[in-house]
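J.:
2 protein chains.
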Amino acid sequence: MAPDEPQRRSTGERPTIHDVARLANVSPATVSKVLRGLGAVKAESVARIHAAVRELGFRVDPLAANLRRSRRSIIGLVVPDFRNPFFGSMVASFERLAEGSGYRLVAVSSAEKVEREAAQIEALLDWRVAGLIVVPTEARLAAETSILDQKVATVLLDRVPDESSFDKVNVDNIEASAAVIRELVAMGHKRIMIATATLERTNMRDRLAGVMMAAQEAGIADRIEVVQCGPDVGTATEAMVARFDKGKLPSAAFALLGPATMAILREVERRGLVVPADLSVVGFDDVEWMQVTHPPIAAVIQPIDQIAEAAWKQMIARLANPADPPRSLEVQCQLDFRGSVATLSS
Amino acid sequence: MAPDEPQRRSTGERPTIHDVARLANVSPATVSKVLRGLGAVKAESVARIHAAVRELGFRVDPLAANLRRSRRSIIGLVVPDFRNPFFGSMVASFERLAEGSGYRLVAVSSAEKVEREAAQIEALLDWRVAGLIVVPTEARLAAETSILDQKVATVLLDRVPDESSFDKVNVDNIEASAAVIRELVAMGHKRIMIATATLERTNMRDRLAGVMMAAQEAGIADRIEVVQCGPDVGTATEAMVARFDKGKLPSAAFALLGPATMAILREVERRGLVVPADLSVVGFDDVEWMQVTHPPIAAVIQPIDQIAEAAWKQMIARLANPADPPRSLEVQCQLDFRGSVATLSS
DNA sequence: CTGAAAGCGCTTACAG
DNA sequence: CTGAAAGCGCTTACAG
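If you're matching them up, the sequences are chains Y and A in order.
Residue numbering for the first sequence follows this note's numbering, beginning at 1 and increasing consecutively.
Residue numbering for the second sequence follows this note's numbering, beginning at 1001 and increasing consecutively.
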């Protein structure tokens, strides 16, 4: 039918909604309506349209659809580093949550650099994302103004600026860290080394605060030693080499970030020392490998799935009610004291 | 000027190319030309356009731009699992390569499921990606027909179907695995356990082939024991529990995939055994934690950056010359025999 | 119940 | 050197 109309369907080209309309003998507008399940359409037409869709293998182009629609269907996710399995698991959780939600997840990384974080967020905004989930690199989001300007729904995770006007999901950093110290003290430890990243990050500040609170209660605040590390294993290792070179180690080390846990273990290993005989080790952030080592490494377990779920729910809520006051959610961590911590007999 | 034209620039809306054109007193077409550095435009106009762009903070919407352009500027990447730091590092490598290339990377995961892989690829095709980089879940890409139909440039990595018509980047699985066995034999090991994933994956087949080749040369082929594992730590652990229950372990284990390395170590630890005294362990795929354990775990190092670079280069070449015959590239692995392997004195 | 028209934000011929 | 017009693939009022 209509034999002299141009035959647009050559190989290598996807069928468009116009191709479907032509084949089903209706208008593109009607096809669109049926595809989105809107409005009333004659049953016959519906059947013809579905048949045409099947025959041509038609699938809508969601990007083109979004162009006319007011809202976009992409949620951007910015994590500091894909190589860290903690964030890898987080991406996986969000991917699962996005599935079937009508939103598509686009995950990018900031490589722990503020400028890169800003660039990534701007790029995501160029895509007109509906929402943004960010694990900030530092206390303040560099791209904050742009996000606010464009009124993009935003949820901050993990390392969360105190005074921002965004939704946030945190773990109970203070309480979890205090609990670690209490437990270490109960097991006889008095001199404790704390490995931290820059205190620009609020999660580090909170964790350290929890440590000091518990230390004070136990009367060992003066025997807490703080070693500052970079954000990745490489720089954290440098810090540890320097510390170990100074001699006389405490009886226990508590790493407030995953890469520092690795750095401590690597340096212990390199010097032929033994965990926990020479040094007890506890790490914030539990990842798979910590349970396969000998001994397994004690950890503060952040419930990644719960964090992601809380963040996703809040994102959906925010998208529905942009004007609601920002919410701040907190999720509980769990301690798992594994073989890497010794009980001191003294 | 033009005071009675509608003032479209309210807060929360991004400026469009029309806003820039109006402010600079030129047409949108001219703005577009200047922005893409094409054609000749009067210096004055260029200056006014740039000023307007700056004043409004205009940034083009790359998705809208792509709509009219024939080629898309997105490269899709499909990996099996974000939680595996091996793939996490791979995503990070590609992200770095994409930067400044004019292409945007969109990374998704197949969760080691063929159906999910197919769905993810179809979704990426819906986005009209320019290219696709895939680490296939099994030997055959479920979405192969769609990709071929739409003539999308595709590069396959790591687990590569033999007979496909796509570009591929592999490591020297056979040779690297053979080298591990030779080295183990040289250190006195004769009974060796091999932990593998489904042999549907060509990389597993090749690695096992390398193992058997070297074993035959050394005359120990009959003492190679193959244990099949699932693709993740959970299922691999089940397989290991079953094997360890059967008693009498060999002197060495070679895991052909990362999750199996973890499963072996976990089971060794759980039973109070010691690496390498009770069991020497070597793993395919090197990830950070393997160097911080006691002892550090011997590994076949896949040079992720090189793999990614080769794949990216090939992608760019393929995009430029779609009709060239498919290429198959190979990258060399390196062995690092660390403390997890004992020399047998017998 | 349905379709023609306009529009999303940009680019691409084409005519001047 | 520049702009009007058409178009990318879809959706959204709106008129019938």
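Using N, Cα and C, we set each Cβ at its ideal position, and we do this for glycine too.
Are the beta-carbon atoms belonging to Ala1242(A) and Leu1279(A) less than 8 Å from one another?
T.: Residue numbering aside, residue 1242(A) sits at position 242 when the second sequence is read from its first letter. Residue numbering aside, residue 1279(A) sits at position 279 when the second sequence is read from its first letter. No, Cβ-Cβ distance for Ala1242(A) and Leu1279(A) is not below 8 Å.
J.: Under 8 Å between C-beta atoms, does Ala18(Y) make it to chain A?
T.: Stepping through the first sequence from its first residue, residue 18(Y) is reached at position 18. Residue 18(Y) is actually His in this sequence, not Ala. It does not: the Cβ of His18(Y) has no partner Cβ on chain A nearer than 8 Å.
J.: Quick one: measure Cβ to Cβ for Val152(Y) and Val169(Y), integer angstroms, because I've assumed they're closer than 8 Å.
T.: Residue 152(Y) sits at position 152 when you count from the first residue of the first sequence. Residue 169(Y) sits at position 169 when you count from the first residue of the first sequence. With a Cβ gap of about 17 Å, Val152(Y) and Val169(Y) do not count as contacting.
J.: What residue range does the beta strand (DSSP E) around Ala1252(A) cover?
T.: Working through the second sequence from its first residue, we reach residue 1252(A) at position 252. Ala1252 to Ala1255 is the extent of the beta strand (DSSP E) around Ala1252(A).
J.: Indicate the three-state DSSP secondary structure (helix, strand or coil) for Gly1088(A) in the structure shown.
T.: As a position in the second sequence, residue 1088(A) is number 88, starting the count at 1. Three-state DSSP puts Gly1088(A) in a helix.
J.: Which residue's Cα is closest to the Cα of Gly1100(A): Met212(Y), Tyr103(Y) and Ala119(Y)?
T.: Numbered from 1 along the second sequence, position 100 holds the residue referred to as residue 1100(A). Answer by Cα proximity: Ala119(Y).
J.: So Ser1109(A) is in the alpha helix (DSSP H); what residue range does that whole segment cover?
T.: Position 109 of the second sequence, counted from the start, is the residue given in the question as residue 1109(A). That residue, Ser1109(A), is in no alpha helix (DSSP H); its beta strand (DSSP E) goes Arg1104 to Ser1109.
J.: Looking at the strands, I want to know which residues DSSP matches up with Asp1167(A).
T.: Along the second sequence, read from residue 1 onward, the residue named residue 1167(A) stands at position 167. Paired residue(s): Val1155(A).
J.: Counting only Cβ pairs nearer than 7 Å, list the residues of chain Y close to Phe1254(A).
T.: Indexing the second sequence from 1 puts residue 1254(A) at position 254. By Cβ distance, chain Y contributes nothing, its closest Cβ being about 16 Å from Phe1254(A), past 7 Å.
J.: With distance defined between alpha-carbon atoms, name the residue in Val1211(A), Ser1146(A), Thr1202(A) and Gln1150(A) nearest to Ala1139(A).
T.: Residue numbering aside, residue 1139(A) sits at position 139 when the second sequence is read from its first letter. The option with the nearest alpha carbon to Ala1139(A) is Thr1202(A).
J.: When the cut-off is 8 Å and only beta carbons count, does Glu1095(A) lie next to chain Y?
T.: The residue given as residue 1095(A) occupies position 95 in the second sequence. It does: the Cβ of Glu1095(A) has a partner Cβ on chain Y nearer than 8 Å.
J.: Please decide whether Gly88(Y) counts as near chain A, where near means a Cβ-Cβ distance under 8 Å.
T.: One-based indexing of the first sequence puts residue 88(Y) at position 88. Chain A contact via Cβ: present.
J.: Is Gln1150(A) helix, strand or coil when you go by DSSP?
T.: The sequence position of residue 1150(A) within the second sequence is 150, counting from 1. Gln1150(A) falls in the coil class under three-state DSSP.
J.: Any chance the stretch 1013-1025 of chain A sits against the stretch 196-211 of chain Y, with 3 or more Cβ pairs inside 8 Å?
T.: The answer is no - the stretch 196-211 of chain Y does not touch the stretch 1013-1025 of chain A, with fewer than three Cβ pairs under 8 Å.
J.: Is the distance from the Cβ of Ala1179(A) to the Cβ of Leu1335(A) below 8 Å?
T.: Within the second sequence, numbered from 1, the residue matching residue 1179(A) stands at position 179. Within the second sequence, numbered from 1, the residue matching residue 1335(A) stands at position 335. Closer than 8 Å, so yes.
J.: Name the chain Y residues that come within less than 7 Å of Gln1291(A), Cβ to Cβ?
T.: For this step, residue 1291(A) is matched to residue 291 along the second sequence. Arg266, listed in chain order.
J.: Which residue marks the beginning of the beta strand (DSSP E) containing Met187(Y), and which one marks its end?
T.: What you label residue 187(Y) is simply residue 187 of the first sequence in a count that begins at 1. Run containing Met187(Y): none; DSSP gives neither H nor E here.
J.: What's the gap between the Cα of Val1053(A) and the Cα of Val1046(A)?
T.: Position 53 of the second sequence holds residue 1053(A). Position 46 of the second sequence holds residue 1046(A). Roughly 10 Å separates the two Cα atoms.
J.: Restricting to Cα atoms, I'd like to know which of Glu44(Y), Glu122(Y), Val78(Y) and Pro296(Y) is closest to Ala111(Y).
T.: Against the first sequence, residue 111(Y) aligns to sequence position 111. The shortest C-alpha separation from Ala111(Y) is found at Val78(Y).
J.: Please check if any C-beta of chain Y sits within less than 8 Å of the C-beta of Ser1109(A).
T.: The residue given as residue 1109(A) occupies position 109 in the second sequence. Cβ-Cβ to chain Y under 8 Å: yes for Ser1109(A).
J.: Is Phe58(Y) helix, strand or coil by DSSP?
T.: In the first sequence, residue 58(Y) corresponds to position 58, counting from 1. Looking at Phe58(Y) - three-state DSSP - the assignment turns out to be coil, as it is neither helix nor strand.
J.: I'd like the list of long-range same chain contacts for Met204(Y), defined as Cβ closer than 7 Å, with 5 residues on each side in sequence excluded.
T.: For the purposes of this step, residue 204(Y) is taken as residue 204 along the first sequence, with counting starting at 1. So the list reads Thr196, Ala197, Thr198 and Leu256, once near-sequence residues are dropped.
J.: For Ile1075(A), which of Trp1312(A), Glu1117(A) and Arg1182(A) has the nearest alpha-carbon?
T.: Taking the first residue of the second sequence as position 1, residue 1075(A) is located at position 75. Ranking the options by Cα distance to Ile1075(A), first place goes to Trp1312(A).
J.: Are the C-beta of Gln1150(A) and some C-beta of chain Y separated by less than 8 Å?
T.: For the purposes of this step, residue 1150(A) is taken as the residue at position 150 of the second sequence. Cβ-Cβ to chain Y under 8 Å: yes for Gln1150(A).
J.: If you reduce the DSSP assignment to three classes, tell me which class Phe284(Y) lands in.
T.: For the purposes of this step, residue 284(Y) is taken as residue 284 along the first sequence, with counting starting at 1. Phe284(Y): strand per DSSP, three-state reduction.
J.: Check Leu38(Y) in the structure and name its three-state DSSP category.
T.: Looking up residue 38(Y) in the first sequence gives position 38. Correct three-state label for Leu38(Y): coil.
J.: Give the residues from the stretch 1068-1085 of chain A that approach chain Y closer than 8 Å (Cβ to any Cβ), ordered along the chain.
T.: Per Cβ criterion, the list reads Asp1081, Phe1082, Arg1083, Asn1084 and Pro1085.
J.: Using 8 Å as the threshold, is the stretch 1281-1301 of chain A in touch with the stretch 286-298 of chain Y, meaning 3 or more CB pairs across them?
T.: They touch, by the three-pair rule.
J.: Tell me which residues of the stretch 14-40 of chain Y have at least one Cβ-Cβ distance to chain A shorter than 7 Å, keeping chain order.
T.: Here the close residues are Arg14.
J.: Ordered along the chain, which non-local residues of its own chain (more than five positions away) have a Cβ less than 6 Å from that of Gln1306(A)?
T.: As a position in the second sequence, residue 1306(A) is number 306, starting the count at 1. Excluding positions up to five away in sequence, the list reads Val1331.
J.: Is it buried or exposed, Tyr1103(A), if we count other Cβ atoms within 10 angstroms and call 16 or more buried?
T.: By one-based count along the second sequence, residue 1103(A) stands at place 103. Burial call: buried.
J.: In the structure shown, what three-state DSSP assignment does Ser177(Y) receive?
T.: For the purposes of this step, residue 177(Y) is taken as residue 177 along the first sequence, with counting starting at 1. It is helical.
J.: State buried or exposed for Arg1069(A), treating a residue as buried only when at least 16 other CB atoms are found within 10 Å of its CB.
T.: On the second sequence, position 69 is the one that residue 1069(A) refers to. Flag for Arg1069(A) reads exposed.
J.: Would you grab the beta carbon distance between Arg182(Y) and Ala214(Y) for me? Rounded to a whole angstrom, and I think it's under 8 Å.
T.: Along the first sequence, one-based indexing puts residue 182(Y) at 182. Along the first sequence, one-based indexing puts residue 214(Y) at 214. Confirmed, Cβ separation roughly 5 Å.
J.: Got a sec: is the Cβ-Cβ distance from Leu141(Y) to anything in chain A below 8 Å?
T.: On the first sequence, position 141 is the one that residue 141(Y) refers to. Judged by the 8 Å Cβ criterion, Leu141(Y) is not in contact with chain A.
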